[in-house]
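>
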Amino acid sequence: MTGSRTHARRAGRGAAAVEGALVLSVFLVPMLMGLIYYGHYFWQAQRVAPIGASVSGAGIYGQMTCGTLTTRVQQLLASAVSNVDAGLGQALDPVEDIVVTVLPLVGGIGADVQVRLRLPIVTTVLPFLPLPDGGDLVEDLLLRLENVRITTGASC
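For reference, each letter of the sequence shown is one residue, going 1 to 156 in UniProt numbering.
Structure representation (structure tokens):
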């Protein structure tokens, strides 16, 4: 009698271990995948150098409309981040990913240009895991352009 009870207990312990492993895998595997996914996102974000330090408005001067100034700033930023595109293997679309807002100064000469750069760095493989800014790297810049005159009558 005692031999069959001992054998039953040992078999029960093994079954409990298997059940425990199955239940824990349901929780541990998604947690491990999430850690790897977040790690990949932050690794990619750290690979991108700050773009604001490499951009200056030195090449932008003269009299122009807000639309022309917006296009020139987008072209300047698109050329500044071309090395970022090559490093990440993803293309940057200046029209969609670079948002430029022109704030004319009160005196009429000069303008502050507020720029928001959105760079997609991680494609969404696991859509149920939220990433900061939807997996995009977002950088805000404020450029002060001293030698620009916004034409009158142009609304910015």
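A virtual CB, placed ideally from N, CA and C, is assigned to each residue, including glycine. Keep in mind the model is a prediction, meaning the values are calculated, not measured.
Tell me where the alpha helix (DSSP H) around Val73 begins and ends.
Mapped onto the sequence shown, residue 73 falls at position 73. Residues Cys66 to Ala80.
> Could you give the distance in angstroms between the alpha-carbon of Val29 and the alpha-carbon of Arg116?
Here residue 29 refers to the residue found at position 29 of the sequence shown. Here residue 116 refers to the residue found at position 116 of the sequence shown. Distance between the alpha carbons of Val29 and Arg116: 37 Å.
> What is the rounded straight-line gap between the Cα of Tyr61 and the Cα of Pro130?
To locate residue 61, count along the sequence shown from 1; it is residue 61. To locate residue 130, count along the sequence shown from 1; it is residue 130. Looking at the two C-alpha atoms, the distance is approximately 42 Å.
> Using the Cα positions of Glu19 and Tyr37, report the straight-line distance between them to the nearest angstrom.
Residue numbering aside, residue 19 sits at position 19 when the sequence shown is read from its first letter. Residue numbering aside, residue 37 sits at position 37 when the sequence shown is read from its first letter. Roughly 28 Å separates the two Cα atoms.
> State the DSSP-derived secondary structure class of Leu103, mapped to helix, strand or coil.
The sequence position of residue 103 within the sequence shown is 103, counting from 1. Reduced to three states, the DSSP call for Leu103 is strand.
> By a C-beta neighbour count over all protein chains shown, 10 Å radius and 16 as the cutoff for buried, is Gly135 buried or exposed?
Position 135 of the sequence shown, counted from the first residue, corresponds to residue 135. Flag for Gly135 reads buried.
> With a CB to CB cut of under 6 Å and the five nearest residues on each side skipped, what residues in its chain are close to Asp140?
Here residue 140 refers to the residue found at position 140 when the sequence shown is read from its first residue. Cβ within range, chain order: Arg116.
> Between Ile109 and the rest of its own chain, which residues show a CB-CB distance below 6 Å, the 5 nearest in sequence each way excluded?
Indexing the sequence shown from 1 puts residue 109 at position 109. Hits under 6 Å: Arg149.
> Apart from the five residues just before and just after Val138, which ones in its own chain have a Cβ nearer than 8 Å to its Cβ?
Here residue 138 corresponds to residue number 138 of the sequence shown, with the count starting at 1. Arg116, Leu117, Arg118 and Leu119.
> How is the beta strand (DSSP E) around Val48 delimited, first residue to last?
Walking along the sequence shown from the start, residue 48 turns up at place 48. That residue, Val48, is in no beta strand (DSSP E); it is neither H nor E in DSSP.
> If distances are taken between C-alpha atoms only, which option among Leu142, Pro132, Glu146 and Leu143 comes closest to Gln44?
Counting from 1 along the sequence shown, the entry for residue 44 is found at position 44. The shortest Cα separation from Gln44 among Leu142, Pro132, Glu146 and Leu143 belongs to Pro132.
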